[in-house]
Amino acid sequence: MPDRLPEFARTIFRCSMLWVLMLLNPMALADPRENESGRLQELLYGEALFHFHQQDYFSAITRLQLADEQGMLPPSSTDTGILLARLKLAYGLDIDAAFDFHALLNENVPDTVRNRAWYELAKAFFHKGYSEAAEEALDHIRGEIPQDIRGDHQLLHATVLLALNRNRQAAQLLEQWKGAPELADYAHYNRGIALMRTGDYANAIKSLERVADLQSEEEALLALRDKANLSLAYVFAQSGSLEQAQARLEKVRLQGPITNRALQALGWVAHKQGRSEAALVPWMELRGRSPTDPTVLETLLVVPSVYRELDSLQVATRDYEAAVATFSDELRSLNDSLESVRRGSTVSLLLQKDAALGGSPGQASARPETRYFGRLLASRNFQETRQGYSHLQSMLQDIDKGLDNIDKLARAVQPGGDPDSRSTAIPPSMSAAQESSGGPAAGEGRGRARDKGHTGLPADPEWEVEWERREGQQAEHPSRGIPSLPEIELPEGSVLEGLPESGFAGLPEPEFTGLPGEPEPTALLQGPEDIGLPGSQIVWLPEAGRFQMPGNDPDYAYPDAVAFDASRARQADRRQRMRLISAPGVEAGFNPGAEPVGEALQELAAALGSATDRVARLSRAFDAESPGVDGLEGRIAALRERILRLRGRVNNAIALNEGYTQALALDELKHRRHQLEGLLEQANLELAKTYDQASDN
Amino acid sequence: MKRSLYPVRRFLNASLQSVVSMLFIVMTGNGLALASDDKPSTRDRFTQVDREIQAVKQEVLEINREILLLEEQLLYPHGQQLVVFVSLSNNSAVNVNSISLEVDGQVVNQHVYTRSEAASLHKGGIHRLYAGRLHDGAHAVDVSLSGMGTDGQQFVRRQSVKIVKGSGRKVMELNIATGDNGTEPQFSIHEW
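Heads up: the protein sequence lines correspond to chains A and B, in order.
Sequential numbering from 4 applies to the first sequence in the numbering used here.
Sequential numbering from 77 applies to the second sequence in the numbering used here.
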């Protein structure tokens, strides 16, 4: 949170600058009413700041809007508008904020204020995957960029360009790193990826090597290091430097999100070096892992192909038969899962609150219908979706309670209304401040804290590591390089033949860019002749050798939370801050979009709960002596109507959420089914060929 | 009652082109422009969920604002209102634990600060301690503050002031600061 503060404070107190100047103006000092007005405005801004600092954007927005509507802020103030738009952005209302920014951020707004706002909007869009919109927002940035966000702006812009596959521009942008040292690893890594994508391997190696040996105990950086090593291995393999590729792969941790890919690639490098028996070591290790990982399934086909090379036809036949059986079982199980997802029952299971927050790790993914969703369950996107779903459900309950309270209030305001609904005073024990805070009570206990407990963790340790990485728990995962692989003894009488060069013999495809998993990986295969192995024995070598990131993870990297580079603020900035900030040490911008949607909805649910409680208190506190309010009954009726409409909207959001979850699950399963069908077909083919070969012998 | 928060509408026409451009990117860039017989893609579904949730948020904001307005008008209308804010002076290292507010001898609010609230005060946030109804005329306000000073010692301070409530709203500020000696916390009460 501290990284968000200065940004906000700067804008807030920029707004108060006019008043500060006014206070310094002798004429203004001469008029105490001006002084009072100025301080009152500062108090109101400060109140919004009070909520903002606790990430209670809801209350901050409500309070500021109300103050403005009541005429307590300078009329038609652009500063107020910008501040509100930025608060909306922090609250997740990015489309609304975008409208406001377009309307308000004109040439009259100082460069630093304008650029900071566009940067925040771009970041919010990027976090939601709206890369084009993010780039459009970044295009509005011109002139001076505030020093504290200069580095992240550079990194964000480059990452957006990478997402848009504009690699050359991204590489150029990151040539000179201008930001904080903490982000430098991400910058070097992304530059390496951009260069790798353009085919400039020499420079890609230089950039990636700056990350591949970094020392850190932070899980996010260790994962980045693993990715850098995998990418380096790919580049080295492309350049024919197989020993260097092997060395890099051995630096990937044994337990991590990309360990399986590294093991697979390690086998291919050994195979490419003519050490087929050595290749079997990582592949055998991989083969023993969970078959829910596509990398493992691919290895089931690769291992018997090596045995066949080694003339161990009996072993090869047995392994091919085992592969066919495994693929068939998996396909059957996958089809059951697909059916279950289509029926909706699995979707409910995936979205269960207790599956997400309560029980034991691995619970959801361990069930037969959900065993393929380990990575999905661990993804940040899905976590947010599930949290959001849970909060929407609780909002429905709050809405019902609110409607009930509105009814009580309506009865109370009617002449001769329900006396039970009335009381004559606010109980002294009730915190009036919380009553009027504009939202839920702030503080540790009000539900802003991120849920730390999770279930639904996949049983696979790889997913667990990935999960922890996503959750930012920074669990310790000691960096253990892959140990040197022992040579294995050849079966008696077998002759190890050198393998001819193959277009797909352990090396990534030339067009392979390290990009996230393509939608249909098997469709990328060129055909049997491209993957032929010795002795005219066509051995289907599937995805193996593609040094790609698992699942749909992008190869580029952008940190979840970006530390603002306050230490590098120039003196000019500091001087400006001195005028704009009341408290020292509040020199960071907020981090729009970094707040997970689920948490934002949790806040929303709490806010709605608070709002409905307030209506209940209103009805209790209302008495016949209350001053008349014009059209009170009509307003209460309108409020009831709005809450009813909101109920419909929340129901709609829940339905959309379920639909989205179902689509995510179906995508995952269809992708896997396509792959499995290909694997099964190939396994049957290879098995038949092995039978033929055996009978020929 | 309501007036425009800021002249968005006025600016809207001038920058309509860029706004439309932005929305075009947000919506069509992610595949919302679907052929009628196409099923929405997963990405489209995400965009739909995102937009619907934003709409819900917006609606809750407006409902809450309406409830706040009703609350003010019914419980403590503008002319009869007493609002008390708590602020912390710049560079003050005082940690506030709790504040008790009495008006005419009756405790109207006692607030215990959470860690995040106290941190927020240090960062320039200003806390609305109380908003309630107060009749015109003279009143006694007593404030009791407890916390921890810069020397790590617990402290309790009490202060009383006489205020005169006129026809309009009365706004008070309790400003907490480190004393002249650098350690002794002090607080002052201002009327605005």
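All residues carry an ideal CB built from backbone N, CA and C; glycine is no exception.
Say whether chain A places a C-beta atom closer than 8 angstroms to the C-beta of B/D218.
-> Here residue 218 of chain B refers to the residue found at position 142 when the second sequence is read from its first residue. Taking Cβ atoms only, chain A never reaches closer than 8 angstroms to B/D218, which makes this a no.
Could you pull out every unbroken beta strand (DSSP E) segment of at least 3 residues lying fully inside the region 302-365 of chain A, listed in chain order?
-> none
Determine the extent of the alpha helix (DSSP H) in which A/L269 is found, giving its start and end residues.
-> Residue 269 of chain A sits at position 266 when you count from the first residue of the first sequence. Per DSSP, A/L269 belongs to the alpha helix (DSSP H) from 262-275.
Just curious, the alpha helix (DSSP H) that A/H160 is in, first and last residue?
-> Numbered from its first residue, the first sequence carries residue 160 of chain A at position 157. First-last of the alpha helix (DSSP H) with A/H160: 150-166.
Sorted by chain position, which residues of the same chain lie with C-beta nearer than 8 angstroms to A/T320's C-beta, five sequence neighbours on each side aside?
-> If you number the first sequence from 1, residue 320 of chain A lands on position 317. Counting only Cβ-Cβ distances below 8 angstroms, and skipping sequence neighbours, we find P307, L690, T693, Y694, A697.
Are the Cβ atoms of A/L176 and A/A166 separated by less than 8 angstroms?
-> What you label residue 176 of chain A is simply residue 173 of the first sequence in a count that begins at 1. What you label residue 166 of chain A is simply residue 163 of the first sequence in a count that begins at 1. Result no, Cβ atoms of A/L176 and A/A166 do not sit closer than 8 angstroms.
What residues of chain A sit near B/R121, judged by a beta carbon separation below 8 angstroms?
-> For the purposes of this step, residue 121 of chain B is taken as residue 45 along the second sequence, with counting starting at 1. Going along chain A in sequence order, the residues near B/R121 (Cβ under 8 angstroms) are L659, G662, Y663, A666.
Mind listing the chain B neighbours of A/K126? Cutoff is C-beta to C-beta under 7 angstroms, in chain order.
-> In the first sequence, counting from the first residue as 1, residue 126 of chain A sits at position 123. Residues of chain B passing the Cβ test: none, with the nearest at roughly 15 angstroms.
For A/Q218, three-class secondary structure by DSSP | By 1-based counting over the first sequence, the position of residue 218 of chain A is 215. Coil at A/Q218, not helix or strand.
Residue-level contact to chain A via CB, B/H211, 8 angstroms cutoff | Numbered from 1 along the second sequence, position 135 holds the residue referred to as residue 211 of chain B. Cβ-Cβ to chain A under 8 angstroms: no for B/H211.
Where A/E680 and A/L334 are concerned, what is the direct C-alpha to C-alpha distance, given to the nearest angstrom?
-> The residue labelled residue 680 of chain A in the question sits at position 677 within the first sequence. The residue labelled residue 334 of chain A in the question sits at position 331 within the first sequence. About 7 angstroms.
Straight-line Cα distance separating A/P285 from A/Q685 | For the purposes of this step, residue 685 of chain A is identified with residue 682 of the first sequence, where counting begins at 1. For the purposes of this step, residue 285 of chain A is identified with residue 282 of the first sequence, where counting begins at 1. The alpha-carbon atoms of A/Q685 and A/P285 are separated by roughly 22 angstroms.
Range covered by the alpha helix (DSSP H) that runs through A/L289 | For the purposes of this step, residue 289 of chain A is taken as the residue at position 286 of the first sequence. Start and end: 279-290.
Taking A/L337 as the reference, give the member of A/A207, A/F129, A/Y663, A/R675 with the closest Cα.
-> Numbered from its first residue, the first sequence carries residue 337 of chain A at position 334. Comparing Cα-Cα distances from A/L337 to each of A/A207, A/F129, A/Y663, A/R675, the minimum goes to A/R675.
My understanding is that B/T254 touches B/A195, with C-beta atoms under 8 angstroms, so please give their C-beta distance in whole angstroms.
-> As a working mapping, residue 254 of chain B is identified with position 178 in the second sequence. As a working mapping, residue 195 of chain B is identified with position 119 in the second sequence. Contact doesn't hold; Cβ gap of about 17 angstroms is too wide.
Pair within 8 angstroms by beta-carbon distance, A/F129 and A/L682 = What you label residue 129 of chain A is simply residue 126 of the first sequence in a count that begins at 1. What you label residue 682 of chain A is simply residue 679 of the first sequence in a count that begins at 1. Cβ atoms of A/F129 and A/L682: not closer than 8 angstroms.
Tell me, please, whether the CB atom of B/A111 is closer than 8 angstroms to any CB atom in chain A?
-> What you label residue 111 of chain B is simply residue 35 of the second sequence in a count that begins at 1. Because B/A111 sits at a pLDDT of 42, beneath the cut-off of 50, its placement in the model cannot be relied upon, and the following sentence gives the value as read from the coordinates. Closer than 8 angstroms: no.
Would DSSP call A/G84 helix, strand or coil?
-> Numbered from its first residue, the first sequence carries residue 84 of chain A at position 81. A/G84: helix per DSSP, three-state reduction.
Could you say which of B/L144, B/V237, B/V132 lies nearest to B/G208 if we only look at CA atoms?
-> Mapped onto the second sequence, residue 208 of chain B falls at position 132. Of the candidates B/L144, B/V237, B/V132, the one whose C-alpha sits nearest the C-alpha of B/G208 is B/L144.
Given a threshold of 16 other Cβ atoms within 10 Å of its Cβ, counted over all protein chains shown, does A/Q267 qualify as buried or as exposed?
-> Position 264 of the first sequence, counted from the first residue, corresponds to residue 267 of chain A. Buried is the call here.
Look up A/E3 in the DSSP assignment and say whether it is helix, strand or coil.
-> Given that chain A is displayed from residue 4 to residue 700, the structure contains no residue 3 of chain A and the question cannot be resolved.
Under 7 angstroms from the C-beta of A/V653: neighbouring residues of chain B | Sequence index remark: in the first sequence, residue 653 of chain A carries index 650 (1-based). Going along chain B in sequence order, the residues near A/V653 (Cβ under 7 angstroms) are V132.
At which residues does the beta strand (DSSP E) containing B/A207 begin and terminate?
-> For the purposes of this step, residue 207 of chain B is taken as the residue at position 131 of the second sequence. 203-209 is the extent of the beta strand (DSSP E) around B/A207.
Reducing DSSP to helix, strand and coil, say where A/H191 ends up.
-> On the first sequence, residue 191 of chain A is found 188 positions in, with the first residue counted as 1. Helix at A/H191.
Ends of the alpha helix (DSSP H) at A/D142?
-> For the purposes of this step, residue 142 of chain A is identified with residue 139 of the first sequence, where counting begins at 1. 134-142 is the span of the alpha helix (DSSP H), which, as asked, contains A/D142.
Of all the CB atoms in chain A, is at least one closer than 8 angstroms to the CB of B/F161?
-> Counting from 1 along the second sequence, the entry for residue 161 of chain B is found at position 85. Chain A contact via Cβ: present.
B/M29 - partner residues in DSSP beta bridges | It is not possible to answer for residue 29 of chain B, since the shown part of chain B is limited to 77 through 268.
Give the residues of chain B in contact with A/E3, contact being defined as C-beta atoms less than 9 angstroms apart.
-> Residue numbering for chain A in the displayed model covers 4 to 700; residue 3 of chain A lies beyond these limits and cannot be assessed.
Listed from N- to C-terminal order along the chain, which residues in the region 188-205 of chain B have their beta-carbon within a distance smaller than 9 angstroms of any beta-carbon of chain A?
-> Y189, T190, R191, S192, E193, A195, S196, L197, H198, K199, G200, G201, I202, H203, R204, L205
N-terminal and C-terminal residue of the alpha helix (DSSP H) that A/S698 is part of | By 1-based counting over the first sequence, the position of residue 698 of chain A is 695. Counting along the chain, the alpha helix (DSSP H) containing A/S698 begins and ends at 635-699.
Kindly say whether B/R234, judged by its beta-carbon, lies nearer than 8 angstroms to any beta-carbon of chain A.
-> The sequence position of residue 234 of chain B within the second sequence is 158, counting from 1. For B/R234, the answer is no, since every Cβ of chain A falls outside 8 angstroms of its Cβ.
Do we get a CB-CB distance below 8 angstroms when we pair B/L146 with the residues of chain E?
-> Considering every chain present, this structure includes no chain E. Its protein chains are A and B.
Where B/N185 falls: helix, strand or coil (DSSP) = Taking the first residue of the second sequence as 1, we reach residue 185 of chain B at position 109. B/N185: strand per DSSP, three-state reduction.
Return yes when the Cβ of A/T81 is within less than 8 angstroms of the Cβ of A/L354, no when it is not.
-> The residue you call residue 354 of chain A lines up with position 351 of the first sequence. The residue you call residue 81 of chain A lines up with position 78 of the first sequence. No, Cβ-Cβ distance for A/L354 and A/T81 is not below 8 angstroms.
Short CB-CB distance (under 8 angstroms) between B/N106 and chain A = On the second sequence, position 30 is the one that residue 106 of chain B refers to. With a pLDDT of 41 at B/N106, under the threshold of 50, the modelled position of that residue is not reliable, and the figure given next carries that caveat. By this cut-off, B/N106 is an interface position.
Say whether the region 93-109 of chain A touches the region 66-74 of chain A, bearing in mind that this needs 3 or more beta-carbon pairs closer than 8 angstroms, one atom from each stretch.
-> no
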